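Colleague:
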Amino acid sequence: MIPVQFDYAAPTTLQEALGVLAEAGEDAKVIAGGQSLLPILRMRLNAPEKVVDLGRIEELRGITDEGSHLVIGAMTTYADVLASSAVRDHAALLVEAVKTVADPQIRHRGTVGGALVHADPAGDVGAPALALGAEFVITGPGGERTVPADEFFRDLFETAVGEGELLTRIRVPKHTGWGAHYEKFVRVAHQWSIVAVGATVRVDGGSIAEARVGLTNMGSTPLRATAVEQALVGRPATEEAVREACAAAAEGTDPPSDLNGSADYRRHLATVLTRRAVLAAAGA
Amino acid sequence: MTTQMFGAPIRRKEDPRLLTGGGRYLDDLGQHALAAAFVRSPHAHARITDIDVTDAVDVGGIVAIYTWEDLPGKVAEPLPLLIPHPTLTHGRTGYALARDEVNHVGEPVVMVVATDRYLAEDACQRIRVDYELLPVVVGIENARDGAHLVHEDAPGNVAAHMVQETGDVEAALATAPHTLTLDLAIERSACMPMEGKGVYARWNDEDGELRIYSSTQTSTGVRAAVAAKLELPLAKVECIAPDVGGGFGVKIMHPWPEEVLVPWAARLLKREVKWAEDRREHFISSAHERGQLQKVTVGFDDEGRVLGLDVKFWHDNGAYTPYGIIVPIITSTQLLGPYKPGAYRCEFWSLYTNTVLVTPYRGAGRPQGVFAMERTMDAIADYLDLDRAEVRSRNFILPEEMPYDHGLLFQDGRPLKYDSGDFPASLDKLKKLVGWDDFEAYRAEAEAEGRKVGLGIGCYVEGTGVGPYEGGHITIETSGRVNVATGLTTQGQGHQTAFAQIVAQELGVPIEDVHVTTGDTRKMPYAVGTFASRAAVMSGNAIALATRNVKAKALRIAADALEVSEDDLEIVDGVVQVKGAPTTSMPLGTVAVLSNPLRYAFDDAAKAATQFAGTFDPDKPPVADDEEPGLEGRDFYSPTQATFANGMHAAIVETDPVTAEIRILRYCVIHDCGTMINPMIVEGQVHGGVAQGVGGALYERMAYDESGQLLNASFMDFLMPYASEVPHIEADHLETPSPLNPLGIKGAGEAGCIPVSAVIASAIEDAEGFPITSMPISPVELWELRQRHETGELPSLRHHHGQHQTAAAPSRDQEPTA
Chain A
1 MIPVQFDYAA PTTLQEALGV LAEAGEDAKV IAGGQSLLPI LRMRLNAPEK VVDLGRIEEL
61 RGITDEGSHL VIGAMTTYAD VLASSAVRDH AALLVEAVKT VADPQIRHRG TVGGALVHAD
121 PAGDVGAPAL ALGAEFVITG PGGERTVPAD EFFRDLFETA VGEGELLTRI RVPKHTGWGA
181 HYEKFVRVAH QWSIVAVGAT VRVDGGSIAE ARVGLTNMGS TPLRATAVEQ ALVGRPATEE
241 AVREACAAAA EGTDPPSDLN GSADYRRHLA TVLTRRAVLA AAGA
Chain B
1 MTTQMFGAPI RRKEDPRLLT GGGRYLDDLG QHALAAAFVR SPHAHARITD IDVTDAVDVG
61 GIVAIYTWED LPGKVAEPLP LLIPHPTLTH GRTGYALARD EVNHVGEPVV MVVATDRYLA
121 EDACQRIRVD YELLPVVVGI ENARDGAHLV HEDAPGNVAA HMVQETGDVE AALATAPHTL
181 TLDLAIERSA CMPMEGKGVY ARWNDEDGEL RIYSSTQTST GVRAAVAAKL ELPLAKVECI
241 APDVGGGFGV KIMHPWPEEV LVPWAARLLK REVKWAEDRR EHFISSAHER GQLQKVTVGF
301 DDEGRVLGLD VKFWHDNGAY TPYGIIVPII TSTQLLGPYK PGAYRCEFWS LYTNTVLVTP
361 YRGAGRPQGV FAMERTMDAI ADYLDLDRAE VRSRNFILPE EMPYDHGLLF QDGRPLKYDS
421 GDFPASLDKL KKLVGWDDFE AYRAEAEAEG RKVGLGIGCY VEGTGVGPYE GGHITIETSG
481 RVNVATGLTT QGQGHQTAFA QIVAQELGVP IEDVHVTTGD TRKMPYAVGT FASRAAVMSG
541 NAIALATRNV KAKALRIAAD ALEVSEDDLE IVDGVVQVKG APTTSMPLGT VAVLSNPLRY
601 AFDDAAKAAT QFAGTFDPDK PPVADDEEPG LEGRDFYSPT QATFANGMHA AIVETDPVTA
661 EIRILRYCVI HDCGTMINPM IVEGQVHGGV AQGVGGALYE RMAYDESGQL LNASFMDFLM
721 PYASEVPHIE ADHLETPSPL NPLGIKGAGE AGCIPVSAVI ASAIEDAEGF PITSMPISPV
781 ELWELRQRHE TGELPSLRHH HGQHQTAAAP SRDQEPTA
């Protein structure tokens, strides 16, 4: 369990990092927090010739308030998110999800951007980012481009970030005053999600005015349960009303079957967890 | 009077060092040693047709590459079959490096030695081994059906077939008023110590001496095995177990291939060589345990008393049987627990599969046996609509029936004879602790809230402290320091504290003066090892006996010097004094000075022992005819049989009516290991055991696919309970002393994990109202059982007391009824 030998670069600026990546081409691998990459390297499942460490690039880390949006640097750690009152106030769903990630050690090393680009469908930040309608700022040799959430996740471990590019920022539209809950089903606390559902809702006068629902590990990418979102609008935040709206949560999903559950079981869980998440988010 | 030490819950002496990073584990040693790494078989069953190392020799820093062809003499022979047994008719062991066939994924094929582990692994990757694939046998059903064979010369894949019977089971079953048959299954798991195995060898070429450090549970065993393999005189080999980061059984197996190969290479290369196992290696090339299929037929009367018990089981022993059939023998005997079975017959088949080998893991066959017996007790209770605790108590062996001889042979080849225990008292305590009689009221409350809860119970008896022997050696220095050596090894159990408590109490010295060494063949060459919950029983008693010897000697010498009778002396806080007249006294250190007459004064203490220092009797020799110099004591403890500890556990679980999530709400333990040396250490052992038991009940399994690949061979996929999953454990003790040993103690190391799968199965069954016959159980499995139950494929219990079968009040989470 020792990686194959590789060259290591630790640029201190974004421009320098892009230069190193351009030079190394497809033989380079970017390391952010390393919580997924290092096990892969140690098991020799991947053997990049060069590992480019983004850990020393200050400009990639931190959370700023840009009025309508929060901007989260790609190298912001889970622990940074948890410590941020801005995220708690304006994108509570992200906080709820990040709270459940693995264990304290991993939350202090792992980064939001690293997890998003790694794009493990069982990871916990993808579905909330999708549900919150985040925008992904990708920087490459030719400059910056912004990709909407529903175009970011392409497939299993595959995103819109191309060769030689880096995810640099995540722009999260503010959902100030929205209730949020991330309902995660695991057997042991530090495990990857078997299924999880992130819900954030705006309740107005006892009924749900707006709702966003994201599903974790119900397909090859994080998914958004738009049918459920639409069905929830206008309903009172009650058990009965929500139950009916959430019944379709697993429609159109393609969950995996593995040691922790069959696809059927996951569809069942998705329905139950969606209801629980929405009710909790609505404060019911 | 010296502070009471024996029985006191004092804090562990070793913890400040271990908790602040002061431990020295195998991989902390030998920083400049050469590193070994292994090419291991990627196939479960194959013939090796070619090994090509050409590409590897170019890797810089490579010192040597070895295949089986390179091994000389006994190193090239199969590894020893450690524990032969007459019924193990087809025992097989592997080679240190595979000869021409591999029988499980992970079997070592090529050894690489390089200047560091990085380069060694790079070289491993460049070695090409060609295989011709053979049919793979995975799973007990496939092994049993025998369509394909793991070893061509082991027909039916049967390594051993054993039957033990007491009474006439056929007749008992034929005449019993009621009979039931249960088909049960229990999955594989593994020890998973935080520190894997490891070995580091130093060859001293000038003196022809070998020193081995091994992360082992038996340094004397490794020493003897390596000396035999390398054809070295025992006197030229020493083995030391440094701090060991957990064993749980896997490190009592020996010699592992690496334990032979690393010292062999060190001698050949005249260099230090080290190998430290990584986690993937631990998963695929160490050892697993547990996996069994069981069939129980029980005959009983209207009161629920067992009249006859017929058990058949099929035990998966993996690819080889180096540790014999200890595990299934323990299952077949310890299954009986605290009960009188009437007539009993147990027949088992130990079967080969193309999986990593099976050797004892904490509990060692008992969790499987207890699962069979306790599932049976619950089934009888349900059949007759009797209270489950009541059925158990009606079958108990009573205190007045002790010692109780089952008429069977135990794992040590000696009679299965319980020495003591008070099972009715234990059950009473357990029922009070968990609130047994109030549970139905609690269940009703929970059901009113739409919650499903269940209560489970499990009882066990555990033979601990098996022989043949252990020893203790005490030396007292002139400073008053007391050195204690015992040969068995330590993996975190608190031996430094518990053994020191025994010595402090027996000798009358402050515990701070007592220093314990374990697992070092230089200090105590005669020892067996740490397994079978035996360290406290075996070494504890040996150390007590040795301490009594050294104390007697100290009193003899002091009596002579103080000109009083030995009988009038006592030792308090390290000072020998006259009872009732403590001013007439002498520190133990001074006694040590007097015990060793000297010619040379090298310090003030020594000066007092030289020939002109004082008066002496010129007619007597400096050392009396029947004495030896030095204040030393040595003794051994070798019992005629094991001593039997027992315990009873109960748990309350909650199962989510919708997601089938399983949560343990309460976990209660009554534990009886005889007299306790340190109750805090005993509780710690129980807690750790329960945690491992929870792992076995709810999380751990070895997911082999049909080609023999272990699909979950990492901590990402192999789930173990962390602090977040282990319930608070409520424990209470009974102390029924063992009449078999001077201290009255019984073992406690394995206890906690033994009944947990049985208890959790019992509780889930009680919550759900249908039988649970296979463990571990995951939420998806419970969910699928519910679906089978709803369609009628899985019958309900006959007399279930929960109300949820007949529609409870709709809960927040219940699905709408269709």
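Residue numbers (full-length UniProt numbering), protein chains in the order written: chain A, 1 to 284; chain B, 1 to 818.
Glycine included, C-beta positions come from ideal geometry on N, C-alpha and C.
Everything numeric in this text was worked out from a predicted model, so none of it was measured.
1) Just how far apart, CA to CA, sit glycine 140 (chain A) and valine 228 (chain A)?
2) In this structure, what does DSSP give as the bridge partners for valine 572 (chain B)?
3) So, serine 189 (chain B) versus glutamate 259 (chain B), is the Cβ gap smaller than 8 Å?
4) Count the other CB atoms, across all protein chains shown, that sit within 10 Å of the CB of residue 820 (chain B); report buried if there are 16 or more and exposed otherwise.
5) Beta carbon of proline 742 (chain B), beta carbon of tyrosine 460 (chain B): below 8 Å?
6) Give the C-beta separation of valine 537 (chain B) and threonine 478 (chain B) to the nearest angstrom, bearing in mind that I take them to be a contact with Cβ-Cβ under 8 Å.
7) Give a yes or no on whether the minimum CB-CB distance between serine 262 (chain A) and chain B is below 8 Å.
8) Report yes or no: do three or more beta-carbon pairs, one from the region 78–97 of chain B and one from the region 304–323 of chain B, lie closer than 8 Å?
9) Based on Cα-Cα distance, which residue from A:Val81, A:Leu167 and A:Arg243 lies nearest to threonine 100 (chain A)?
10) DSSP state of glutamate 210 (chain A), grouped into three classes?
11) Counting only Cβ pairs nearer than 7 Å, list the residues of chain A close to threonine 659 (chain B).
12) Does leucine 259 (chain A) have its Cβ less than 8 Å from a Cβ in chain B?
13) Quick one: which chain A residues come within Cβ less than 8 Å of valine 780 (chain B)?
14) By Cβ distance, which residues of its chain are closer than 6 Å to residue 821 (chain B), with the 5 residues on each side in sequence left out?
15) I need the DSSP call for aspartate 310 (chain B), collapsed to helix, strand or coil.
16) Using a Cβ distance threshold of 8 Å, determine whether the region 296–313 of chain B contacts the region 174–187 of chain B, with at least three qualifying pairs required.
17) Measuring CB atoms only, is the region 132–147 of chain B touching the region 40–47 of chain B, in the sense that at least three cross pairs come out at less than 8 Å?
18) In three-state DSSP terms, what is serine 533 (chain B)?
19) Whole angstroms are fine: how far does the CA of glycine 363 (chain B) sit from the CA of arginine 345 (chain B)?
20) Checking the sheet assignment: what are the DSSP bridge partners for cysteine 239 (chain B)?
21) What separation, rounded to the nearest whole angstrom, lies between the Cα atoms of leucine 21 (chain A) and glutamine 15 (chain A)?
22) Considering just the uninterrupted stretch of the alpha helix (DSSP H) at glycine 164 (chain B), what are its terminal residues?
23) With the cut-off set at 8 Å, would you say valine 575 (chain B) and leucine 555 (chain B) are in Cβ contact?
24) For arginine 451 (chain B), count neighbouring C-beta atoms within 10 Å of its own C-beta (all shown protein chains included) and say buried if the count is 16 or more, exposed if not.
25) Tell me which residues of the region 188–204 of chain A have at least one Cβ-Cβ distance to chain B shorter than 7 Å, keeping chain order.
26) Please state the DSSP three-state secondary structure of threonine 176 (chain A).
27) What are the partner residues of serine 595 (chain B), as DSSP defines its beta bridges?
28) Quick one: does valine 4 (chain A) have its CB under 8 Å from some CB of chain B?
29) By the criterion of Cβ-Cβ separation under 8 Å, what are the contact partners of methionine 75 (chain A) in chain B?
30) Show which residues of chain A have a CB atom less than 8 Å away from the CB atom of glutamine 125 (chain B).
31) Could you tell me whether any non-hydrogen atom of the ligand HEM is closer than 7 Å to the CB of alanine 225 (chain B)?
32) Flag tyrosine 704 (chain B) as yes if its beta-carbon sits less than 8 Å from any beta-carbon of chain A, otherwise no.
33) So which residues on chain A does tryptophan 783 (chain B) lean against when the C-beta distance must stay under 8 Å?
34) Skipping 5 residues on each side, what residues in its chain have a beta carbon closer than 7 Å to that of aspartate 619 (chain B)?
35) Tell me which residues of the region 84–110 of chain A have at least one Cβ-Cβ distance to chain B shorter than 9 Å, keeping chain order.
36) Going by DSSP, name the residue or residues bridged to glutamate 730 (chain B).
Modeller: Put simply:
1) Along the first sequence, read from residue 1 onward, the residue named residue 140 (chain A) stands at position 140. Along the first sequence, read from residue 1 onward, the residue named residue 228 (chain A) stands at position 228. Their backbone Cα atoms lie some 36 Å apart in a straight line.
2) Against the second sequence, residue 572 (chain B) aligns to sequence position 572. B:Val575, per the DSSP bridge assignment.
3) Residue 189 (chain B) sits at position 189 when you count from the first residue of the second sequence. Residue 259 (chain B) sits at position 259 when you count from the first residue of the second sequence. Judged by their CB atoms, serine 189 (chain B) and glutamate 259 (chain B) are not nearer to each other than the 8 Å cut-off.
4) Since the first residue shown for chain B is 1 and the last is 818, residue 820 (chain B) is missing from the structure and cannot be characterised.
5) In the second sequence, counting from the first residue as 1, residue 742 (chain B) sits at position 742. In the second sequence, counting from the first residue as 1, residue 460 (chain B) sits at position 460. Inclusion of proline 742 (chain B) and tyrosine 460 (chain B) in the CB contact set at 8 Å is not warranted, their separation being larger than that value.
6) Translated into the one-based positions of the second sequence, residue 537 (chain B) becomes position 537. Translated into the one-based positions of the second sequence, residue 478 (chain B) becomes position 478. Contact between valine 537 (chain B) and threonine 478 (chain B) does not hold, since their C-beta atoms are separated by about 33 Å, which reaches or exceeds 8 Å.
7) Stepping through the first sequence from its first residue, residue 262 (chain A) is reached at position 262. Yes, serine 262 (chain A) lies at the interface with chain B (some Cβ there is under 8 Å from its Cβ).
8) Touching, yes.
9) Indexing the first sequence from 1 puts residue 100 (chain A) at position 100. Residue A:Val81 is the option with its Cα nearest to threonine 100 (chain A).
10) Along the first sequence, one-based indexing puts residue 210 (chain A) at 210. Three-state DSSP puts glutamate 210 (chain A) in a strand.
11) The residue you call residue 659 (chain B) lines up with position 659 of the second sequence. The contacting residues are Phe185, Leu269 and Val272.
12) Locating residue 259 (chain A) in the first sequence gives position 259, where the first residue counts as 1. Closer than 8 Å to some Cβ of chain B, the Cβ of leucine 259 (chain A) qualifies, so yes.
13) Residue mapping note: residue 780 (chain B) aligns to position 780 of the second sequence, counting from 1. In chain order: Asn260, Gly261, Ser262 and Tyr265.
14) A question about residue 821 (chain B) goes unanswered here, because the residues of chain B that appear run from 1 up to 818.
15) Reading the second sequence from its first residue, position 310 is the one you call residue 310 (chain B). Here aspartate 310 (chain B) carries a strand assignment [DSSP, helix/strand/coil].
16) Yes, since at least three Cβ pairs between the region 296–313 of chain B and the region 174–187 of chain B fall closer than 8 Å, the two stretches touch.
17) Touching, yes.
18) If you number the second sequence from 1, residue 533 (chain B) lands on position 533. It is coil, neither helix nor strand.
19) Taking the first residue of the second sequence as 1, we reach residue 345 (chain B) at position 345. Taking the first residue of the second sequence as 1, we reach residue 363 (chain B) at position 363. Cα to Cα, the separation comes out at about 22 Å.
20) As a first step, residue 239 (chain B) must be located in the second sequence, where it is residue number 239. Beta-bridge pairing links cysteine 239 (chain B) to B:Ile212.
21) For the purposes of this step, residue 21 (chain A) is identified with residue 21 of the first sequence, where counting begins at 1. For the purposes of this step, residue 15 (chain A) is identified with residue 15 of the first sequence, where counting begins at 1. Whole-angstrom Cα-Cα distance: 10 Å.
22) Stepping through the second sequence from its first residue, residue 164 (chain B) is reached at position 164. Contrary to the premise, residue 164 (chain B) reads as glutamine rather than glycine in this sequence. Run containing glutamine 164 (chain B): none in the alpha helix (DSSP H); it sits in the beta strand (DSSP E), 158–166.
23) Here the question's residue 575 (chain B) lines up with position 575 in the second sequence. Here the question's residue 555 (chain B) lines up with position 555 in the second sequence. In this structure, the beta-carbon distance from valine 575 (chain B) to leucine 555 (chain B) does not fall below 8 Å.
24) Position 451 of the second sequence, counted from the start, is the residue given in the question as residue 451 (chain B). Buried is the call here.
25) For chain B, the residues of the region 188–204 of chain A that bring a beta carbon within less than 7 Å of one of its beta carbons are Val188, Ala189, His190 and Gln191, in chain order.
26) Taking the first sequence and counting its residues from 1, one reaches residue 176 (chain A) at position 176. Residue state, collapsed to three classes: coil.
27) By 1-based counting over the second sequence, the position of residue 595 (chain B) is 595. DSSP, once it has assigned bridges, lists no residue as partnering serine 595 (chain B).
28) To locate residue 4 (chain A), count along the first sequence from 1; it is residue 4. By this cut-off, valine 4 (chain A) is an interface position.
29) Numbered from 1 along the first sequence, position 75 holds the residue referred to as residue 75 (chain A). What methionine 75 (chain A) touches in chain B: nothing, since even the nearest Cβ is about 23 Å away.
30) For the purposes of this step, residue 125 (chain B) is taken as residue 125 along the second sequence, with counting starting at 1. Per Cβ cutoff of 8 Å: Val4 and Arg44.
31) Among the ligands in the structure shown, none appear at all, so the ligand HEM cannot be discussed.
32) Residue numbering aside, residue 704 (chain B) sits at position 704 when the second sequence is read from its first letter. Judged by the 8 Å Cβ criterion, tyrosine 704 (chain B) is not in contact with chain A.
33) Position 783 of the second sequence holds residue 783 (chain B). Residues of chain A passing the Cβ test: Tyr265 and His268.
34) Locating residue 619 (chain B) in the second sequence gives position 619, counting from the first residue. Hits under 7 Å: none found.
35) Listed by position along the chain: Asp103.
36) Counted from its first residue, the second sequence places residue 730 (chain B) at position 730. Answer is B:Cys668, bridged to glutamate 730 (chain B).
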